[in-house]
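Heads up: the protein sequence lines correspond to chains A and B, in order. The numbering of the first sequence is this note's numbering, which starts it at -18 and goes up by one. The numbering of the second sequence is this note's numbering, which starts it at 329 and goes up by one. Every residue, glycine too, gets a C-beta built ideally from N, C-alpha and C. Presented below is the structure to which this report refers.
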Amino acid sequence: MAATSDTSADIEEHEDVWVFVEQHDGEVANVTWELLSKGRDLADERGENLVALVMGENIDETDIPEQCIARGADKVLIADDPVFEPYRSDPYGEQFRHLVETHKPAIALIGGTHTGRDFAGRVAVPTHAGLTADCTELEMEDGRYEMRRPAFGGDALATIICPEHRPQMSTVRPGVFPAAEPDADRDGEIEEVEVVVDEADTMTEVLEREVGDVADITDADVVVAGGMGAEGDFEPLWELADLLDGEVAATRDAVEEGWIEPARQVGQTGKTVRPKLYIAAGISGAIQHLEGMDDSETVIAINTDPNAPIFDNADYGIVGDLHEVIPELIEYFQENEEAIPA
Amino acid sequence: MTDGWNIVVCVKQVPDADDVSIDPETGRLNRSDAEAVMNAPDYNAVEAALELRDEVGGTVTALSMGPPNADAVLRVAVGMGADDGVLLSDPAFGGSDTWPTSLALARAAEELDADVVFGGEETTDSSTGQVPPGIAAHNGWAQLTYVEELESRPEEDKLVAKRDVEGGYERVAAELPVVVAMGFGENDPRPAGLHRKIYAETDFEPETWTAEDLGIEDEVGLAVSPTQVGGMDTADPVPREQEVVDETDELAEQIAEVL
Ligand SMILES: Cc1cc2nc3c(=O)[nH]c(=O)nc-3n(C[C@H](O)[C@H](O)[C@H](O)COP(=O)(O)OP(=O)(O)OC[C@H]3O[C@@H](n4cnc5c(N)ncnc54)[C@H](O)[C@@H]3O)c2cc1C
Ligand SMILES: Nc1ncnc2c1ncn2[C@@H]1O[C@H](COP(=O)(O)O)[C@@H](O)[C@H]1O
Chain A
-18 MAATSDTSAD
-8 IEEHEDVWVF
2 VEQHDGEVAN
12 VTWELLSKGR
22 DLADERGENL
32 VALVMGENID
42 ETDIPEQCIA
52 RGADKVLIAD
62 DPVFEPYRSD
72 PYGEQFRHLV
82 ETHKPAIALI
92 GGTHTGRDFA
102 GRVAVPTHAG
112 LTADCTELEM
122 EDGRYEMRRP
132 AFGGDALATI
142 ICPEHRPQMS
152 TVRPGVFPAA
162 EPDADRDGEI
172 EEVEVVVDEA
182 DTMTEVLERE
192 VGDVADITDA
202 DVVVAGGMGA
212 EGDFEPLWEL
222 ADLLDGEVAA
232 TRDAVEEGWI
242 EPARQVGQTG
252 KTVRPKLYIA
262 AGISGAIQHL
272 EGMDDSETVI
282 AINTDPNAPI
292 FDNADYGIVG
302 DLHEVIPELI
312 EYFQENEEAI
322 PA
Chain B
329 MTDGWNIVVC
339 VKQVPDADDV
349 SIDPETGRLN
359 RSDAEAVMNA
369 PDYNAVEAAL
379 ELRDEVGGTV
389 TALSMGPPNA
399 DAVLRVAVGM
409 GADDGVLLSD
419 PAFGGSDTWP
429 TSLALARAAE
439 ELDADVVFGG
449 EETTDSSTGQ
459 VPPGIAAHNG
469 WAQLTYVEEL
479 ESRPEEDKLV
489 AKRDVEGGYE
499 RVAAELPVVV
509 AMGFGENDPR
519 PAGLHRKIYA
529 ETDFEPETWT
539 AEDLGIEDEV
549 GLAVSPTQVG
559 GMDTADPVPR
569 EQEVVDETDE
579 LAEQIAEVL
């Protein structure tokens, strides 16, 4: 059995808000900046430091530590070793356990990406931390850290507390919190920590890694999303998005069909978007999809089925075939260019 | 390892997501009449377990922690082709969050001498995805999550997974024992065979293990769960105009207004 360090006895000793910096090959995932921004607010309210934790190889050759400080961190902890590149749960987990035992953080924020969730689930056990997945609100309430997350398919919002264990860990999906603008004038401290993992002790080996540019749909003002109703042809959606200066997104089912890349999936297990305009074309409106787009300002639905639940969750809708309606919309905006703000 | 691998697959009973509703009067959840079903992503876990057994030989044991009637999900797994099933059921487990849940499953997997433990991507009722990594962590085993494809290397005692990562994929080799969380929808779960299904629903009786059987009676339940539910609020639905127009031009004008 892995060593368990039950920290319930010394809750008072735990302080500071940590953010796990998700980076691959020196490229930091956007969700990290979102968490640093949220973490800054929490740390200020608690009167504690915001600490960014970076694990990787040759971090000193990157500007990641400086970026973390510019994004709000008071301190950056760096665990630098080839064993940390690329990410693997076993060495990352072992190193994190050691850092929790030696540094005793009160809160740890982790991105709700596949990497972040793989990491969080692993590290919560040996540190006996309270881990809450997919938080959408994080709040200090009378000195108590409250994590809120959708429950029962989004019909309810559960408040999760962690009274007797530290750290209190939360994962947050990309797009839930806004990232703050970097401030190059901020000061912070950078500390290299002792690396306690040895390659010989690892149980896994990354044989191959194929990663391209990761599309970011979370910042777009206009999102044109397609589902199974697109029937394999997203071309009109790309064209409309292009015209309206927006991004194309999709349901999980459309992603699984291979019609579009996974980074563009909206929903419970994808991204959260809150654009000014969300166009849902050929999307039924399953609860897991709605969860990722419910905060959009205006929702437009295009669906052949007048009874599709998406119409109850849309401001304006039309019953029709998207392969007819979208080309008509494209035509309209080509003829009325003044309708599109520059 | 001439006799193949001991494969364990974790399946959970959940309320049918389509049946859970909130009582508009009381704001309380109506789960009572929701039908209990097997967590949808767990079908992919069972399928992957059966495919692996077909490849390397050995046995598949379905494992579930839940109330006594959760034997129903073990019967689903056995109907699909699992060889056996074990139910972890004990009032002592009540109120367990993911920490003790993964501990109980981890101890049972050890007891079953597992080489590979399968789980689903996440559950539809608690959707944390934390249990499979938790099992791996409790036992100090390797973990592979968000798995799309598997390749077995019995001669090296290794399992290689193609995993979905942000913007692409990676191939990772893990030493046995290993915990695998299959990506939801990554394979086509087989239907139950008729004879197998009849066996699963009539003659098959799963073994039931208690917390004491696993030697963890003081390490499970609400008291040792680090997280607690501090409150439940109904989420107000976002108000929407819900206006359906007849002509595309009208729709375009509404869009233009927003822009
Ligand atoms: C654990 C879990 C997590 C999940 N996470 C997510 C998630 O993050 N995101 C997500 O999206 N889903 C998620 N899902 C899946 C979700 O439950 C639905 O299955 C999915 O959202 C449905 O996708 P869809 O609307 O594209 O397909 P469908 O439900 O098949 O709907 C297709 C719609 O297109 C309409 N249509 C057909 N032809 C046309 C046409 N020519 N023109 C216009 N309309 C047409 C149909 O009337 C129908 O309403 C998850 C499920 C589970 C169990
Ligand atoms: N009580 C349980 N019994 C058996 N397996 C479980 C249980 N809870 C979770 N699992 C497994 O862990 C996976 C992820 O669940 P979760 O972490 O709850 O989202 C599920 O798909 C199951 O395979």
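Asked: Please list the terminal residues of the continuous beta strand (DSSP E) segment that includes B/Pro369.; Found: It is not in any beta strand (DSSP E) - B/Pro369 instead sits in the alpha helix (DSSP H) that spans 368 to 384.
Asked: Could you please give me the residues that DSSP links to A/Lys252 through a beta bridge?; Found: A/Val247
Asked: Tell me whether the stretch 50 to 61 of chain A and the stretch 31 to 38 of chain A touch, counting them as touching only if at least three CB pairs, one residue from each stretch, are closer than 8 angstroms.; Found: yes
Asked: Between the C-alpha atoms of B/Glu449 and A/Ala114, what's the straight-line distance to the nearest angstrom?; Found: 13 angstroms
Asked: Whose C-beta lies closer than 8 angstroms to the C-beta of A/His(-5) among residues of the same chain, with five residues either side of it excluded?; Found: Thr(-12), Lys85, Pro86, Ala87, Arg147, Pro148
Asked: Output needed for A/Ile50: all residues of its chain with C-beta closer than 6 angstroms, excluding positions within five of it in sequence on either side, in chain order.; Found: Arg167, Gly169
Asked: Could you give the distance in angstroms between the alpha-carbon of A/Glu(-7) and the alpha-carbon of B/Arg481?; Found: 48 angstroms
Asked: Here's a check: name, in chain order, each residue in its chain whose Cβ is nearer than 6 angstroms to the Cβ of B/Ala528, leaving out the five neighbours to either side.; Found: Arg403, Val406, Gly407
Asked: How many angstroms separate the CA atom of B/Pro460 from the CA atom of B/Leu587?; Found: 45 angstroms
Asked: Cβ of A/Lys19 within 8 angstroms of any heavy atom in ligand 2?; Found: no
Asked: Apply the 10 Å Cβ neighbour rule to A/Glu66 and answer buried if 16 or more other Cβ atoms are within range, or exposed otherwise.; Found: buried
Asked: What residues from chain A crowd round B/Gln570, counting only those whose CB sits closer than 9 angstroms?; Found: Phe292, Asp293, Asn294, Ala295, Asp296, Tyr297, Gly298
Asked: A/Glu278 and A/Lys257 look like a contact to me (Cβ under 8 angstroms); what is the Cβ gap, rounded to whole Å?; Found: 5 angstroms
Asked: Tell me the start and end of each unbroken alpha helix (DSSP H) in the stretch 15 to 89 of chain A that is at least 4 residues and wholly inside, in chain order.; Found: 45 to 51, 70 to 84
Asked: Answer yes or no: do A/Arg52 and A/Pro163 have a C-beta to C-beta separation smaller than 9 angstroms?; Found: yes
Asked: Please list the partners that B/Gln582 has in chain A, where partner means a Cβ-to-Cβ separation under 9 angstroms.; Found: Thr279, Ile281, Asp296, Tyr297
Asked: So within the stretch 172 to 218 of chain A, which uninterrupted beta strand (DSSP E) runs reach at least 3 residues, ignoring any that extend past its ends?; Found: 185 to 192, 203 to 207
Asked: Is B/Ala373 near ligand 2, going by C-beta to nearest heavy atom under 8 angstroms?; Found: yes
Asked: Where does B/Val572 fall in DSSP's three states?; Found: strand
Asked: What would DSSP say about B/Met329, mapped onto helix, strand or coil?; Found: Because the pLDDT at B/Met329 is just 46, under 50, the model does not fix this residue reliably, and the point stays unresolved.
Asked: Just how far apart, CA to CA, sit B/Asp344 and A/Ala137?; Found: 16 angstroms
Asked: Would you kindly work out how many angstroms separate the C-alpha atoms of B/Lys525 and B/Tyr474, rounded to a whole number?; Found: 29 angstroms
Asked: Is the beta carbon of A/Ile291 sitting closer than 9 angstroms to the one on A/Ala282?; Found: yes
Asked: Is A/Met(-18) helix, strand or coil when you go by DSSP?; Found: Summary for A/Met(-18): the model assigns pLDDT 36, below 50, so the residue's position carries little reliability, and this model does not support an answer.
Asked: Where does the unbroken alpha helix (DSSP H) through B/Asp453 begin, and where does it stop?; Found: Unbroken run through B/Asp453: none, as it is neither H nor E.
Asked: Is any non-hydrogen atom of ligand 2 found closer than 8 angstroms to the C-beta of B/Val550, if you look at the structure I gave you?; Found: One detail in the question is off: residue 550 of chain B reads as Leu in this sequence, not Val. Not so, every heavy atom of ligand 2 lies at least 8 angstroms from the Cβ.
Asked: Flag A/Leu330 as yes when its Cβ comes closer than 8 angstroms to any non-hydrogen atom of ligand 1, and as no otherwise.; Found: With chain A covering -18 to 323 only, the question about residue 330 of chain A has no answer from this structure.
Asked: Report buried or exposed for A/Asp275, applying the criterion of at least 16 other Cβ atoms within 10 angstroms of its Cβ.; Found: buried
Asked: Kindly indicate which three-state DSSP category A/Asn294 falls into: helix, strand or coil?; Found: helix
Asked: A/Val9 to B/Thr576, Cα distance in whole Å?; Found: 42 angstroms
Asked: Taking the beta strand (DSSP E) that A/Arg147 belongs to, which residues open and close that run?; Found: Looking at the DSSP string, A/Arg147 is not in any beta strand (DSSP E), and its letter there is neither H nor E.
Asked: Checking the sheet assignment: what are the DSSP bridge partners for A/His5?; Found: A/Glu8
Asked: Below 9 angstroms on C-beta distance, what does A/Arg27 contact in chain B?; Found: Under the 9 angstroms cutoff, chain B gives no residues; its nearest Cβ is about 18 angstroms from A/Arg27.
Asked: Out of A/Gly74, A/Phe100, A/Thr140, state which residue places its alpha-carbon closest to the alpha-carbon of B/Met560.; Found: A/Thr140
Asked: Closer than 8 angstroms: is that where the CB of B/Glu450 sits relative to any heavy atom of ligand 2?; Found: yes
Asked: Starting from B/Ser512 and walking both ways along the alpha helix (DSSP H), at which residues does that stretch end?; Found: Contrary to the premise, residue 512 of chain B reads as Phe rather than Ser in this sequence. Neither: B/Phe512 is in no alpha helix (DSSP H) and is coded neither H nor E.
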